[in-house]
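Here my numbering is used: position 2 in the sequence shown is 20, and no number is missing along the way. No residue lacks a Cβ here, since even glycine has one placed at the ideal position from N, Cα and C. Given the structure is predicted, the values throughout are model-derived calculations rather than measurements. Shown next, in structure tokens, is the structure this report addresses.
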Amino acid sequence: MADIDARTEVRDLHQHDRRTQPDQGAYGNYRIAAIVPCHNEEAAIGQVVRDLHASVPGVRVYVYDNRSTDRTSEIAASEGAIVRYENTKGKGNVVRRAFADIDADIYLLIDGDDTYDALMAPQLIDALIAGPYDHVLGVREPDESADQAYRPNHEMGNRLLNRIVERVFGQNMGDMLSGYRAFSRRFVKSFPAVSREFEIETELTVHCLALRVPSTSVTVGFRDRPEGSESKLRTYRDGSKILGLILNLARHERPMAFYGLVSALMVLASLAVATPVLVDLA
């Protein structure tokens, strides 16, 4: 019965008051796995693991060390995380490996840089259960004290990519590049991950929209990285890869919309080239 509908399973889970921290019996015997991709996060990973253990009773925290050269894996293990290694560089490669390897009922995905508030994990889990949903997106809301968490060019790029996806798929997820999510088992075991790097969040979002996966969102805290932690995201390089993935997925999932847009752009380009000639002939 491994393939039982995850949304049916969650109906049997004990419901608790979301306004309080869950007690030891809050999630019954449900298996909850937190997946934490990491590359050189020794300054942050300890706090992330501690917060997950403190907020989600019984959670199994899997830290995937993606070719770190610092003490990330050592610190994670000392805080009680299960440390695994993915030697093929890229967040997408880590997520694909983790989804294939880990057997659980509810999955959390969170970055290891301590920018997302891991103490809010119960809110994502509760939302997944209450739907029941197969996917819950953590929509980032920067803390008042945060001045580097959401750089202006990142925010502008995020809005642009959200707008493109909304145009193509007819829905707006709100924060499609968020790395803080919760999933049902059914979602994880049916997700055909092909991304290698930071495009993985886009692929997760488009998968939800294309298949009309039952989804919802919750607002989560977002803050500056701790001192000593550096962003691995390269705005223009990774942004171009994300845009390329959106277009490629749109070509396969919404061919009429994609080729209709391409045709319209070609017509506009043709008119722009032809107009001066037609004016001269007139």
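| field | Contact check, residue 123 vs residue 48, beta carbons under 8 angstroms | value | yes
| Hey, quick one: how far does the alpha helix (DSSP H) through residue 142 stretch, first residue to last? | 139-148
| query | Can you tell me where the alpha helix (DSSP H) with residue 110 in it begins and where it stops? | reply | 109-119
| query | Is it right to say residue 106 is buried, meaning 16 or more other beta carbons lie within 10 angstroms of its own, or is it exposed? | reply | exposed
| Roughly how many whole angstroms lie between the Cα atoms of residue 58 and residue 82? | 11 angstroms
| field | Residue span of the alpha helix (DSSP H) that contains residue 205, given as start and end | value | 203-208
| query | Applying the criterion that 16 or more other CB atoms from any shown protein chain within 10 Å of the CB defines a buried residue, is residue 289 buried or exposed? | reply | exposed
| What do you get for residue 151, buried or exposed, if any count of 16 or more other CB atoms within 10 angstroms of its CB means buried? | buried
| said: Taking the alpha helix (DSSP H) that residue 71 belongs to, which residues open and close that run? | reply: 63-73
| query | Which stretch, first to last residue, makes up the beta strand (DSSP E) that contains residue 52? | reply | 50-56
| field | Of the listed residues 89, 224, 110, 145, nearest to residue 201 (C-alpha basis) | value | 145
| field | residue 103 classed as buried or exposed, judged by whether at least 16 other C-beta atoms fall within 10 angstroms | value | exposed
| Alpha-carbon to alpha-carbon, residue 60 and residue 89 | 5 angstroms
| task | Counting only the same chain and skipping the five closest in sequence on each side, list residues whose C-beta sits under 6 angstroms from that of residue 192. | result | 157, 235
| request: Look at the Cβ atom of residue 128, then the Cβ atom of residue 136, and state whether they are nearer than 8 angstroms. | output: yes
| request: Please look up how many angstroms separate the CB atoms of residue 197 and residue 219, rounded, as I've assumed it's under 8 angstroms. | output: 6 angstroms
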